[in-house]
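Novice: One structure is given below, represented as structure tokens, and several questions about it will come after.
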Amino acid sequence: MPMTDTRRALLQIHFCVLLWGVTAILGKLITLPALPLVWWRMLLVVAMLALVPRVWRGLRQLSPRLVAGYCGVGALVALHWLTFYGAVKLANASVAATCIALAPVFTAVIEPWVAKRPFQFRELAFGILVLPGVALVVGGVPDGMRLGVLIGALSALLVAVFGSLNKRLVSHADPLTVTALELGAGTLTLTLLAPVLPFLLPALASDLWVIPDLHDGLLLLALAGLCTLLPFALALVALRHISAYTSQLVTNLEPVYAILLAMVLLSEQRELTPLFYAGVAIIVGAVFLHPLLNRRRKVQHPEILATSEARNIAD
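Read left to right, the sequence shown gives residues 802 to 1116 (the working numbering).
What follows is the structure in structure tokens.
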């Protein structure tokens, strides 16, 4: 059976999710606070991309309107990463990764409006399926980690917004060019935000100008190259053939990878109760239920699904 563009895109997203699961572990292992951690992560990626001639050629071909659009998305990416790593520092890697499972609920509402496609209640219903799991997750963490859960939920909202915007803009430029522009704008956003962050989100405020030591420097290079540049660009390519909602459902597997790695590398299972893992099981169950019912829907109403897939590719 030949590999279709949609199937290849799904495999690419799964690979990206595996790498994103590693980012939570690296975020916990890096001793820097969330603000300088994200700033260095973005700056290193931009520095790597600045060495690629293709990126500069792509930048020269962009209209001012597209440049502004990608810069706006980049600012949202920076805020998402800041809140995500803030959740890692305030709670742990497992909690932060699990909170991202809230994103499908937000995406189901936001993407139809941003991508200008019809709203589908079925998508919202599958997003709502994860809510009991999230409730159990919250009940399964110590009181001292509750703020990390709230920051993680904010991170999920931000990923839904920038994911939907990327879906609308992704086909207009080279993925590496988009990555460089967005992360460059994100680096600038954090630089400007740092002085006022103590007034906006005191829990995430810290010094920005922190020079990492050798340990943190090596981990930051791995975070920037293998876990940021590669999956970020690959995900942009995949979004040309699947919806942001489908991408986000696959991304719900990120907690599985992050939790398993956290148990092996960080022994985080000692910090969490069985309620937490019950909640994760519900979230993962909702992820696997969606494609099964989609397959059944394809058998019963193939013309409906074909129309939906065509619309997703055209978006």
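Don't be surprised by glycine CBs; every beta carbon is placed ideally from N, CA and C.
Whose CA, out of Leu850, Thr824 and Thr807, lies closest to the CA of Pro976?
Specialist: For the residues Leu850, Thr824 and Thr807, the minimum Cα distance to Pro976 belongs to Leu850.
Novice: Whole angstroms is fine: what's the gap from Val960's alpha carbon to Leu982's?
Specialist: For Val960 and Leu982, the distance between alpha carbons rounds to 17 Å.
Novice: Between the alpha carbons of Met762 and Leu812, how many angstroms are there, rounded?
Specialist: Past the boundaries of the shown model lies residue 762; the chain is included only from 802 to 1116, so the question cannot be answered.
Novice: Take the Cβ of Pro905 as the centre, count every other Cβ of all protein chains shown within 10 Å, and call the residue buried at 16 or more, exposed below.
Specialist: Classification of Pro905: buried, given that the 10 Å Cβ count is 16 or more.
Novice: In chain order, what residues of the same chain have a beta carbon less than 7 Å from the beta carbon of Val942, not counting five sequence neighbours either side?
Specialist: Contacts found: Ala892, Val896, Val950, Leu1073 and Phe1077.
Novice: What first and last residue would you give for the alpha helix (DSSP H) that runs through Cys900?
Specialist: Ala894 to Cys900 is the span of the alpha helix (DSSP H), which, as asked, contains Cys900.
Novice: DSSP three-state label for Lys917, please.
Specialist: Residue state, collapsed to three classes: coil.
Novice: Thinking C-beta only, is Cys872 closer than 8 Å to Ala1039?
Specialist: Cβ distance not < 8 Å, so Ala1039 and Cys872 don't count as in contact.
Novice: Out of Gly1026, Cys1028, Thr988 and Pro1075, point me to the one whose CA is closest to Leu880's CA.
Specialist: Of the listed residues, the one whose Cα sits closest to Leu880 is Thr988.
Novice: Do you know how far the Cα of Leu955 is from the Cα of Ala1004?
Specialist: Approximately 13 Å, taken between the alpha carbons.
Novice: Threshold first: 3 residues or longer. Then list the beta strand (DSSP E) segments lying entirely within the region 806-890, N to C.
Specialist: The region 806-890 contains no whole beta strand (DSSP E) run of 3 or more residues.
Novice: Going straight from the alpha carbon of Ile814 to that of Trp914, what length do you get?
Specialist: If you take the alpha carbons of Ile814 and Trp914, they lie about 23 Å apart.
Novice: Can you tell which of Arg969, Val979 and Ile901 has the C-alpha that lies nearest to the C-alpha of Ala957?
Specialist: For Ala957, the nearest C-alpha among the options comes from Ile901.
Novice: What would DSSP say about Asp1014, mapped onto helix, strand or coil?
Specialist: The answer is coil: DSSP assigns Asp1014 none of H, G, I, E or B.
Novice: Taking 7 Å as the limit between beta carbons, can you name the residues of its chain near Asp806, skipping five residues before and five after?
Specialist: The answer, listed in chain order, is His1042.
Novice: Quick check for students: name the residue ranges of the beta strand (DSSP E) that lie wholly in the region 981-1010, counting only runs of 3 or more.
Specialist: Within the region 981-1010, no complete beta strand (DSSP E) run reaches 3 residues.
Novice: Straight-line CA distance for Thr980 to Val1065?
Specialist: One C-alpha to the other measures close to 32 Å.
Novice: Does DSSP classify Ile911 as helix, strand or coil?
Specialist: Three-state DSSP puts Ile911 in a helix.
Novice: With DSSP as the reference, label Ile1083 as helix, strand or coil.
Specialist: Note: Ile1083 maps to helix in three-state DSSP.
Novice: How big is the Cα-Cα spacing for Arg842 and Phe927?
Specialist: Between Arg842 and Phe927, the C-alpha separation is close to 33 Å.
Novice: Are Leu903 and Val931 close, meaning C-beta to C-beta below 8 Å?
Specialist: Result yes, Cβ atoms of Leu903 and Val931 sit closer than 8 Å.
Novice: Only counting the same chain, and skipping five residues up and downstream in sequence, which positions put a Cβ closer than 7 Å to that of Val1081?
Specialist: Excluding residues within five positions, the ones whose Cβ falls inside 7 Å are Thr899, Gly934, Val938, Pro1056 and Ile1060.
Novice: When DSSP labels each residue in this structure, what does Gly940 get in the three-state scheme?
Specialist: Note: Gly940 maps to helix in three-state DSSP.
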